[in-house]
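FYI, the numbering for the sequence shown is 16 to 322, going by my numbering. Where a beta carbon is used, it is the ideal one built from N, C-alpha and C, also for glycine. First the structure, in the form of structure tokens, and then the observations on it.
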Amino acid sequence: MKTTPSEVLTTLRDYIRWAASRFAEAELCFGHGSPTALDEAAALVLHTVHQPYNLADTYLQSVLTLTERQAVIDMIDRRINERIPAAYLTHEAVFAGLSFYVDERVLVPRSPIAELIEQRFSPWVDEEQVVRILDLCTGSACIAIACAYAFADAYVDAVDLSDDALAVAKLNVAKHQLDDVVTLYQSDLFKELPDDVRYDVIVSNPPYVCLEEWEQLPAEFHAEPDMGFKGGISGLDIVLRILVDADRYLAEQGILIVEVGSSAETLQTAFPDVPFYWLNFERGGDGVFLLTAEQVSQYNELFLAAL
Ligand SMILES: C[S@@+](CC[C@H](N)C(=O)[O-])C[C@H]1O[C@@H](n2cnc3c(N)ncnc32)[C@H](O)[C@@H]1O
Numbered sequence: 016m017k018t019t020p021s022e023v024l025t026t027l028r029d030y031i032r033w034a035a036s037r038f039a040e041a042e043l044c045f046g047h048g049s050p051t052a053l054d055e056a057a058a059l060v061l062h063t064v065h066q067p068y069n070l071a072d073t074y075l076q077s078v079l080t081l082t083e084r085q086a087v088i089d090m091i092d093r094r095i096n097e098r099i100p101a102a103y104l105t106h107e108a109v110f111a112g113l114s115f116y117v118d119e120r121v122l123v124p125r126s127p128i129a130e131l132i133e134q135r136f137s138p139w140v141d142e143e144q145v146v147r148i149l150d151l152c153t154g155s156a157c158i159a160i161a162c163a164y165a166f167a168d169a170y171v172d173a174v175d176l177s178d179d180a181l182a183v184a185k186l187n188v189a190k191h192q193l194d195d196v197v198t199l200y201q202s203d204l205f206k207e208l209p210d211d212v213r214y215d216v217i218v219s220n221p222p223y224v225c226l227e228e229w230e231q232l233p234a235e236f237h238a239e240p241d242m243g244f245k246g247g248i249s250g251l252d253i254v255l256r257i258l259v260d261a262d263r264y265l266a267e268q269g270i271l272i273v274e275v276g277s278s279a280e281t282l283q284t285a286f287p288d289v290p291f292y293w294l295n296f297e298r299g300g301d302g303v304f305l306l307t308a309e310q311v312s313q314y315n316e317l318f319l320a321a322l
């Protein structure tokens with residue numbers, strides 16, 4: 016007689032291993048925070064049985080109840096059948112070691128910028144001098160909130176154009192009890208920000224995917240809001256506008272950090288004389304540049320001419 020998975024699989028470890036095999040067999044895409052099928056399986060299985068993502072290894076031998084086994088199997092089936100990022104099933108994403116609420120209204124937090132925030136943008140700023148930070152294109156507000164934790168004395172402004180994204184950002188600001196520190200703006204980039212404000216750090220993970228690349232992205236990415244990806248034909252429409260306008264909003268010793276991902280080469284080719292500093296990441300990721308306020312100002316006319 017044929018056995019069912021819940022008859023032969025008993026422990027958390029069994030279900031994580033089995034889910035990973037099913038995910039690999041189904042050729043799912045893992046670009047949303049879990050780099051491998053095993054990581055994604057662990058995240059989903061642990062969440063389903065209400066355990067933290069970093070549960071100590073000793074508990075992986077725990078035997079699941081029959082009800083838990085069915086709930087885990089249902090969750091694994093949904094991930095395979097619906098082809099949406101795991102975070103949309105769990106409504107949770109971890110970014111810079113912090114937990115964020117997510118749903119289909121925002122991109123799943125996964126920017127390598129998390130690592131820079133954890134290092135407090137060292138050695139690029141004098142930590143003590145950072146009093147104002149701007150997160151442009153904030154989505155779930157993951158970057159803004161992580162910055163607020165990293166710079167306890169700073170105020171953070173966070174901007175998005177999308178009503179939907181801002182609704183999720185608001186939930187996360189409240190979840191982290193940062194209403195007095197993080198201010199949300201509905202704005203087309205800098206447009207609705209006060210004219211006289213100057214930021215020590217402007218950080219952004221804007222839409223930067225070119226049209227051709229966007230059309231070829233796997234199903235999981237198409238479950239996320241288009242507005243989070245599309246940067247026009249070249250991918251650089253929004254990035255260029257940031258490069259032009261940042262000049263007016265950066266403090267004298269300020270820095271601009273922008274993720275441009277796969278559009279890095281296009282950007283560097285478009286501006287061969289601009290010394291974009293491409294940051295390195297220990298945990299993986301690339302395509303994030305840094306410019307000082309002085310450089311942003313020096314090359315302003317060049318950026319303006321390309322708009
Ligand atoms: C790549 S997502 C980044 C979200 C978040 N910062 C993160 O790292 O997960 C880009 C965000 O930019 C927002 N956006 C797109 N165009 C914008 C604009 N013109 N002004 C402000 N925000 C914009 C989108 O709504 C989306 O939330």
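Assumed close pair residue i, residue j - CB separation to whole angstroms, cut-off 8 Å
i, j, result
"A1", "T153", "Since the first and last residues shown for the chain are 16 and 322, residue 1 lies out of range."
"V254", "I148", "Not confirmed; about 19 Å, so no contact."
"G243", "L81", "40 Å between Cβ atoms; not a contact."
"T26", "L75", "7 Å"
"V289", "L265", "Actually they do not touch by this definition, with Cβ atoms about 15 Å apart."
"P124", "C162", "Incorrect: roughly 13 Å between the Cβ atoms, too far for contact."
"R213", "A165", "Contact flag wrong, Cβ pair sits at about 20 Å."
"G269", "A308", "4 Å"
"Y68", "V109", "6 Å"
"W229", "K206", "Contact doesn't hold; Cβ gap of about 25 Å is too wide."
Test item: CB-CB of residue i and residue j under 8 Å
i, j, result
"Y292", "L271", "no"
"H47", "A102", "yes"
"V171", "D150", "yes"
"E235", "P100", "yes"
"I88", "L43", "no"
heavy atom of ligand 1 below 7 Å from residue i C-beta
i, result
"A261", "no"
"C225", "no"
"M16", "no"
"C162", "no"
"T153", "yes"
"S177", "yes"
"M242", "yes"
"D288", "no"
"N220", "yes"
"D203", "yes"
"I253", "yes"
"S77", "no"
"P127", "no"
"L59", "no"
"P124", "yes"
"I132", "no"
"V171", "no"
"I158", "yes"
"V109", "no"
"V188", "no"
"V197", "no"
"A180", "yes"
When the options are compared against residue i, the one with the closest alpha-carbon
i, options, result
"L319", "L258, N187 and V188", "L258"
"A173", "A165, H191, V196 and P50", "V196"
"K190", "S155, N220 and D211", "S155"
"S77", "C157, Y30 and A52", "Y30"
"L199", "P209, Q192, D175 and R135", "D175"
"I248", "G269, T18 and T281", "T281"
"L208", "D260, Q231, L232 and L193", "D260"
"E267", "L24, V140 and H65", "V140"
"L294", "T18, A279, D72 and L186", "A279"
"D72", "F45, G250, E107 and R28", "R28"
"A41", "T18, M16 and R98", "R98"
"L186", "F286, A285, S114 and L251", "S114"
Residues near residue i by beta carbon distance below 6 Å, same chain, minus five either side
i, result
"N315", "D262"
"A169", "V145, V146 and I148"
"R84", "S21"
"R298", "E130"
"Q300", "In the sequence on display, residue 300 carries Gly and not Gln. Only P127 meet the Cβ criterion."
"T63", "A86, V87 and M90"
"L226", "I248"
Residue-chain proximity (residue i, chain B), Cβ-Cβ < 8 Å
i, result
"Q283", "Of the protein chains in this structure there is only one, and it is not chain B."
Contact test: residue i Cβ vs ligand 3 heavy atom, cutoff 7 Å
i, result
"N295", "Within the structure as shown, ligand 3 is missing, the only ligands being ligand 1."
Neighbourhood of residue i by C-beta, 8 Å cutoff - its chain only, sequence neighbours within 5 removed
i, result
"E3", "A query on residue 3 cannot be resolved here, the shown segment of the chain reaching from 16 to 322 and no further."
"A39", "A52"
Nonlocal neighbours in the same chain, by C-beta distance under 7 Å from residue i, ignoring five residues either side
i, result
"L181", "D175, L199 and Q201"
"A34", "A56, L59, V60 and I91"
"R120", "D179, A180, A182, V183 and P240"
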